[in-house]
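2 protein chains.
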Amino acid sequence: MSVREQYSVAIIEPSRIVSEGLSAILHDSDFRVVRQFETVDDFNQWEAALPEEKRVDIVLLNPVLLGTHPSQPLNGLFPDACSSLVAMLYSYIPPELLLEFDATIGIDDAPTTIIEKLRDAVATAAKRLDCQNIDKQELTKREKEILAYVVKGLTNKEIGEKLCISIHTVISHRKNIVHKTGIKTVSGLLMYALFNDIVTADEIPQE
Amino acid sequence: MSVREQYSVAIIEPSRIVSEGLSAILHDSDFRVVRQFETVDDFNQWEAALPEEKRVDIVLLNPVLLGTHPSQPLNGLFPDACSSLVAMLYSYIPPELLLEFDATIGIDDAPTTIIEKLRDAVATAAKRLDCQNIDKQELTKREKEILAYVVKGLTNKEIGEKLCISIHTVISHRKNIVHKTGIKTVSGLLMYALFNDIVTADEIPQE
DNA sequence: TGAAAAATACCAACAAATAGCGATTGTTTG
DNA sequence: CAAACAATCGCTATTTGTTGGTATTTTTCA
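In the order they appear, the protein sequences are chains A and B.
The first sequence begins at 0 in numbering that gives the first Met the number 0 and counts up by one.
The second sequence begins at 0 in numbering that gives the first Met the number 0 and counts up by one.
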């Protein structure tokens with residue numbers, strides 16, 4: 000995936016208006032919409048028939064299509080995480096469902112904003128690939144979730160209550176996080192979390 | 000605002016369904032919905048006529064009523080920030096618009112979740128008031144020195160050894176730092192230290 | 001379908017941090 | 001001078017985190 004290349008985009012979006020609008024906006028950019036789908040199943044069917052190297056660079060997906068249940072379909076969607084996943088938002092989506100997306104586009108975003116966000120998303124995906132290849136050990140989804148709460152300053156007990164798991168489990172996850180990253184201090188973990196897009200700076204309570 | 004008090008709530012929400020639903024859910028809690036409005040103007044008119052001490056504890060507001068323009072109406076809404084402001088979300092709202100809210104309620108939140116979030120919101124508002132009253136003081140040179148070591152991940156004992164002072168002194172300094180800044184978590188302190196040029200990012204050990 | 005990985009849960013002993021107290025010694029400053 | 005502040009040190013009690021285990025259930029995937 001070189002820098003000056005045109006990036007291919009697939010849109011999975013139930014609303015034709017939104018779908019067509021996005022296509023129009025991306026028409027004059029270096030993002031090329033190769034196909035539009037109305038359901039995840041349609042997309043999966045199409046994608047399955049594709050050779051590995053013809054996979055799209057970006058999948059623009061409306062999270063409502065995933066239902067309220069968390070990330071089960073997502074894991075199946077991108078086993079190798081070779082594509083960048085971007086959420087198209089115009090109805091309320093619980094924040095925890097958005098964790099696995101590389102970016103989110105709002106219904107009232109300006110065209111320039113949208114393109115900018117897509118650029119960020121491919122960069123994030125590229126970084127994620129690097130991390131997978133280079134990094135010794137990637138954190139699991141659950142571990143990232145725990146880490147996010149840790150650097151936000153919640154105690155183990157609070158995290159356990161929030162995720163409805165025992166404090167022992169939280170402690171176990173923390174042990175694994177420390178072991179995998181080799182980072183023992185909260186400050187170091189915060190830097191790691193910021194650097195790896197597990198949290199953003201504005202999520203850290205300054206009070 | 001004592002602990003066992005009933006908190007008064009005003010709802011500003013264009014959808015009657017949502018508005019009534021919230022009222023019903025809060026009916027059996029210690030939150031009392033005193034009035035429902037469909038526009039911000041309606042609310043402002045009502046609120047203006049109220050004596051200071053009769054202001055509601057919580058304003059539950061649908062952010063769509065604020066338009067896409069950022070927080071101008073919000074500042075006017077609560078000049079003294081005596082109330083807690085909670086967002087009612089069921090359509091997409093740009094994240095930056097949600098910064099000034101003490102909490103956000105999603106359309107699919109369970110009643111217990113809603114009540115929990117409202118409780119958090121009043122706590123946040125109370126803390127915000129405290130911060131405003133005890134206006135922030137500057138840290139002393141020694142305190143900054145301690146803070147630098149804290150965010151670098153040294154323990155109190157290590158800091159004491161490094162500076163050739165007792166661990167009790169370190170603890171005292173830390174207490175003063177927490178009290179002056181109002182920041183209790185290491186992550187928050189790191190952000191503070193970075194923001195105030197007490198440390199730089201590359202000084203934070205990522206191991 | 002069977003093995004591996006991830007998530008879950010628990011224990012015990014120890015280390016570290018926090019809260020709430022007080023107290024002494026300088027230094028600055030109105 | 002007296003008051004305010006900074007820096008130092010001390011105590012007790014309690015909470016929270018760390019470390020190094022073991023073990024079960026669920027999920028994933030080849």
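We put the beta carbon where it would ideally sit given N, CA and C, even for glycine.
Only a predicted model underlies this, so the values are computations on that prediction, with no experimental measurement involved.
1) For the alpha helix (DSSP H) holding B:Thr168, just list the boundary residues, first then last.
2) Does the region 12-22 of chain A come within contact of the region 42-51 of chain A, defined as at least 3 CB pairs closer than 8 Å?
3) Return helix, strand or coil for B:Thr103, following the three-state DSSP convention.
4) Does any CB atom of chain A fall closer than 8 Å to the CB of B:Asp27?
5) Exposed or buried, which one is B:Asn195 when buried takes at least 16 other CB atoms within 10 Å?
6) Residues of chain A with CB under 8 Å from B:Gly152, in chain order?
7) Please report how far the alpha carbon of A:Gly105 lies from the alpha carbon of B:Arg141, in whole angstroms.
8) Indicate the three-state DSSP secondary structure (helix, strand or coil) for A:Tyr91 in the structure shown.
9) Give every residue of the same chain whose Cβ lies closer than 6 Å to the Cβ of A:Ser201, excluding the five residues on either side of it in the sequence, and list them in chain order.
10) Is the Cβ of A:Ser90 closer than 8 Å to any Cβ of chain B?
11) Can you list, in chain order, the residues of its chain with a C-beta nearer than 6 Å to that of B:His172? Leave out the 5 residues immediately preceding and following it.
12) Leaving out five residues before and five after B:Val33 in sequence, what residues of the same chain have Cβ atoms less than 8 Å from its Cβ?
13) State the Cα-Cα distance for the pair A:Tyr191 and B:Val185, rounded to the nearest angstrom.
14) For B:Val85 versus B:Leu59, is the C-beta distance shorter than 8 Å?
15) Between B:Ile203 and chain A, is the shortest Cβ-Cβ distance under 8 Å, so that the two count as touching?
16) Of all the CB atoms in chain A, is at least one closer than 8 Å to the CB of B:Gly105?
17) For chain A, find out if any of its Cβ atoms is closer than 8 Å to the Cβ of B:Ala200; answer yes or no.
18) Do B:Lys116 and B:Ala125 count as a contact pair if the criterion is CB distance below 8 Å?
19) A:Thr199: which of A:Ile158, A:Val150 and A:Ile182 sits nearest, CA to CA?
20) Tell me, which residues are paired with B:Ala212 by DSSP?
21) My guess is that A:Asn61 and A:Glu99 are in contact by the Cβ rule of under 8 Å, so how many angstroms apart are they, rounded?
22) Buried or exposed for B:Leu189, please, with buried defined as at least 16 other CB atoms from any protein chain shown within 10 angstroms of its CB.
23) Quick one: does the C-beta of B:Asp107 sit closer than 7 Å to a heavy atom of the ligand GTP?
24) Could you spell out where the alpha helix (DSSP H) holding A:Val149 opens and where it closes?
25) Our contact map puts A:Gly187 next to B:Pro204 with C-beta atoms below 8 Å; I'd like the distance itself, whole angstroms only.
26) Report the rounded CA-to-CA distance for B:Val169 versus B:Thr139, giving the unit in angstroms.
27) So if DSSP puts A:Leu25 in a beta bridge, which residue, or which two residues, is it bridged to?
28) Looking only at DSSP bridge pairs, what is A:Leu189 linked to?
29) Going along the chain, which residues of its own chain have a beta-carbon closer than 8 Å to the beta-carbon of A:Ile113, five neighbours each way excluded?
30) Just mark A:Gly181 as buried or exposed, buried being the case when its beta carbon has 16 or more other beta carbons within 10 Å.
31) Mind pulling the chain A residues with CB within less than 9 Å of B:Pro93?
32) Report the three-state DSSP secondary structure of A:Ser18 (helix, strand or coil).
Taking the geometry as given:
1) Ile166 to Thr180
2) no
3) strand
4) no
5) exposed
6) Lys183, Thr184, Val185, Ser186 and Gly187
7) 46 Å
8) coil
9) Correcting the residue identity first, residue 201 of chain A is Asp in this sequence and not Ser. Hits under 6 Å: none found.
10) yes
11) Glu142 and Ile145
12) Ser7, Val8, Ala9 and Val55
13) 14 Å
14) yes
15) yes
16) yes
17) yes
18) no
19) A:Val150
20) The structure shown does not extend to residue 212 of chain B, since chain B is modelled only from 0 through 206, so no value can be given for it.
21) Contact flag wrong, Cβ pair sits at about 14 Å.
22) buried
23) As for the ligand GTP, it is missing from this structure, which has no ligand bound.
24) Lys140 to Val150
25) 5 Å
26) 13 Å
27) None; A:Leu25 has no bridge partner.
28) Per DSSP, none; premise fails for A:Leu189.
29) Leu21, Ile24, Leu25 and Ile104
30) exposed
31) Gly105, Asp107 and Asp108
32) helix
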